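Below is one structure, written out as structure tokens; the observations come after it.
Chains as they are written, first to last, in this note's numbering: chain A, 1 to 160; chain B, 1001 to 1511.
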């Protein structure tokens, strides 16, 4: 595998705390078979997202090209390239939830949180809660038989 | 002390089971234990109280309602409007033939003592007594076909890996069921993870694999946690590790987490993802049985296929084969979902009709309106109209009716559904989730969305409208014949079925 083309000068500059942490995470799992996804999950868990500089660090530790790591990060919906907002609302838009009103719920969620930088509304395809849809998760907490009122109630719990 | 069971299944938690458990824990004289779901999801949270008569159930319990229920004598199993009586006697349960689901909801999911007491590890013990070729013979006799959707005979796959000459072999479990309306993998993994561990271990010791991976989708965090706990407990008790159940054979198992890509449920995409790459499909051949993970022979099965294995070994392949219809042997875990009154997981021999599942078992729609369409087999399955539900649920039987068994998911829609929107969604979903490797899937789906949009925004009789239908059919034909895998190849199935059975929703279609 071609090694990431890192400039000599970059290698001489002192590494930031983040870079050091990312290298540590990558190095810890580098010996496993096919470790890249595991490492990306761990980096995101520790730092909230996978930054461009993280991609370069991981590529260096695994002896992969930056393009290869970047291609993997960008392929999967779960990996964020920017810091996460304070709150995340995920609404399932798959068929079983659509059968009980998911399309309207998704629209309602988008409208309710439009223009708010601290809330991200995302579509998701299937939480496996298909018997008790429509399903949505608020800050990682899955809820079933969700109504627009439920989403409003979640919001009221956010602010003191 | 009175023992009260509150499910910790994620669907039950999604409708308040954790709050109910916390409220019950405050009641004097109550010990709360957390089981998996019994599968009657529409009744969740279903609280069970241990009494002399057996475990008495109370349905759809809320945390606020606990004081009233306790006041009404719940702790002695008293009658109440929410009581369903002794849960084991409930007709929805007694009407089933539970093989893979036999143990769900009975105990704490990682209680290995309870697992053994309920017949666990008997299949593994027998597999270790037999020659590997004899184990494969039992699986062949059972007639088990891949429950992930493709329906390939499991025994033939195992025999291929067994006979492959290699120092390194793997077992991989596909627990990336991203199909809407299918959640049996999740329910079983959360409620009874040892059944999967046992099934995979049997596969490993049979074909000579030393390492195994469970590839679980990230949308199932509870299943991931439960499986990891179960693997640790099983290893502690000697069922995994360097000396499986004292056999001298090694099998190490770990869970790997996906990252939100539907296509990774396709077996070769899953292998790429397990290896740490983009989940792009591989062209076959070579087949994974000969050239799978890191180039080594690999048993790749869906979770439900592995979950059928312990019983097949414990009771013999013939006992499994005695159930079913035609070339579809054994049981299937049907998942009743969408707009349905009694949604949940229902295990029955293959051959039960779709109408029985929707109307008798599922109780029709949740809204009480007429059933209009039922999608069988996930987002790549056909939409069948209400007058075509008398089809037996079997691989060939459904194919003949223009449907697909898939993963056994049944999604019900009432008469308010707009089937042109569902057809559009099928194309949209494909365009979002395509791995991008082949053009028919990547581009065809995007053009499909555009074409359906044009159809629905062009008035009937307008010039050029007929040609749009020709174009859509052309796209469907190209995707069907030109795609590398089932994602692009089957997306036309829901689209065409919507056009065929519900032309009125496309505004006066010529078909």
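Ideal placement from N, C-alpha and C gives every residue a C-beta, glycine not left out.
The structure displayed is predicted, hence computed values, not measured ones.
Taken through DSSP and simplified to helix, strand or coil, residue 1334(B) comes out as strand. Short of 7 Å from the beta carbon of residue 1194(B), and not among the five residues preceding or following it, lie these beta carbons of its own chain, in chain order: 1112, 1115, 1120, 1230 and 1234.
At a cut-off of 7 Å between beta carbons, residue 78(A) contacts chain B. Of the candidates 1488(B), 1309(B), 1123(B) and 1197(B), the residue whose Cα lies closest to the Cα of residue 1212(B) is 1197(B). Within the stretch 1409-1495 of chain B, the beta strand (DSSP E) runs of at least 3 residues that lie entirely inside it are, in chain order, 1409-1414. Setting aside the 5 residues that flank it on each side, residue 1341(B) is surrounded in the same chain by 1363, 1364 and 1366, each with a C-beta closer than 6 Å to its C-beta; the list follows chain order. Among the CB atoms of chain B, none fall inside 7 Å of the CB of residue 147(A). Against chain A, the beta carbon of residue 1013(B) has neighbours under 8 Å at 142, listed in chain order.
Looking at 1243(B), 1242(B), 1298(B) and 1042(B), the one whose alpha-carbon comes closest to that of residue 1167(B) is 1298(B). If you draw a straight line from the Cα of residue 1176(B) to the Cα of residue 1265(B), it comes to about 5 Å. Put simply, the backbone Cα of residue 1249(B) is about 7 Å away from that of residue 1205(B). Here residue 1324(B) is buried. Its C-beta has 16 or more other C-beta atoms within 10 Å. Beta-carbon to beta-carbon, residue 1009(B) and residue 1037(B) are separated by about 4 Å, close enough to satisfy the 8 Å threshold.
The DSSP-derived three-state label of residue 68(A) is helix. Annotation for residue 1306(B): the continuous alpha helix (DSSP H) segment containing it runs 1303-1315. DSSP places residue 1201(B) in the uninterrupted alpha helix (DSSP H) bounded by 1193-1207. When CB distances to chain B are screened at a threshold of 9 Å, the residues of the stretch 120-138 of chain A falling below it are 123, 124, 125, 126, 127, 128, 129, 130, 131, 132, 133, 135 and 137, in chain order. When only Cα atoms are considered, residue 1255(B) and residue 1228(B) end up about 7 Å apart. Distance from the Cα of residue 1157(B) is smallest, within the candidate group 1145(B), 1054(B) and 1416(B), for 1145(B). The residues 1166, 1168, 1169 and 1170, in chain order, have a CB closer than 7 Å to that of residue 1296(B) in the same chain once the five nearest residues on each side in sequence are set aside.
Contact note: residue 41(A) reaches chain B through 1218, 1257 and 1259, using a C-beta cutoff of 9 Å and chain order. Boundaries of the beta strand (DSSP E) harbouring residue 1373(B): 1371-1376, taken from the DSSP string.
Here residue 130(A) carries a coil assignment [DSSP, helix/strand/coil]. Counting C-beta pairs with one atom in each stretch, the stretch 1409-1417 of chain B and the stretch 1373-1383 of chain B have three or more that are closer than 8 Å, which means they touch. Taking C-beta separations shorter than 7 Å and ignoring five residues to either side along the sequence, the partners of residue 1200(B) in its chain run 1171, 1173, 1212, 1253 and 1306, following chain order. The three-state reading of DSSP puts residue 1500(B) in helix, counting H, G and I together. Where residue 78(A) is concerned, there is no enclosing beta strand (DSSP E), because DSSP gives it neither an H nor an E. The beta-bridge partner set that DSSP reports for residue 142(A) consists of 137(A). For residue 1502(B), not one C-beta of chain A is nearer than 7 Å to its own C-beta.
For residue 1083(B), the enclosing beta strand (DSSP E) begins and ends at 1083-1086. Each of 1183(B), 1315(B) and 1403(B) was checked against the Cα of residue 1337(B), and the nearest Cα belongs to 1183(B).
Residue contact with chain B for residue 82(A): absent (no Cβ-Cβ distance below 7 Å to any residue of chain B).
If you look at residue 1390(B), you'll find it isn't in any alpha helix (DSSP H); DSSP assigns it neither H nor E. Contact between residue 1408(B) and residue 1333(B) holds, since their C-beta atoms are separated by about 6 Å, short of 8 Å. If you ignore the 5 residues before and after residue 1063(B), its C-beta comes within less than 8 Å of the C-beta of 1016, 1019, 1020, 1022 and 1023, all in its own chain and listed in chain order. Cβ proximity to chain A below 9 Å picks out 1335, 1336, 1337, 1338, 1339, 1340, 1342, 1343, 1344 and 1345 from the stretch 1330-1346 of chain B.
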